[in-house]
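Notes to accompany the following structure.
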């Protein structure tokens, strides 16, 4: 369940990162409130995951999911510049996230 919480928290991190962009520096009240709620929700799931997953692993995966997801949405939906190197490094980041998961001890998942 901890890994599920971590993935959910990372996915919500993508949403709040985009919310920060669309809040226009917290000048749009509705978007700003939704963004703050997403931040709190994301950190709730992250905190729940850290009850069972070591902080270094959890933080790396949490931020990696957020960074990679936000970058991909930027490329695909927001017209941000994309290059071979950017795609390569996002894939490398995702490979590292998978590697961290695969290298976790079984007791971290069941603790």
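Numbering (full-length UniProt numbering), first residue to last: 1 to 111. Backbone N, C-alpha and C define an ideal beta-carbon position, used for all residues, glycine too.
Within the same chain, and ignoring the five residues on either side of residue 2 in sequence, the residues whose Cβ sits closer than 6 Å to its Cβ are 49, 52 and 53. Between the segment 25-44 and the segment 86-103, the count of Cβ pairs shorter than 8 Å is below three; the stretches do not touch.
The DSSP assignment places complete alpha helix (DSSP H) segments of no fewer than 4 residues inside the segment 10-86 at 29-49 and 55-77, in order along the chain. Around the beta carbon of residue 58, 16 or more other beta carbons lie within 10 angstroms, which makes this residue buried. Secondary structure of residue 101 (DSSP, three-state): helix.
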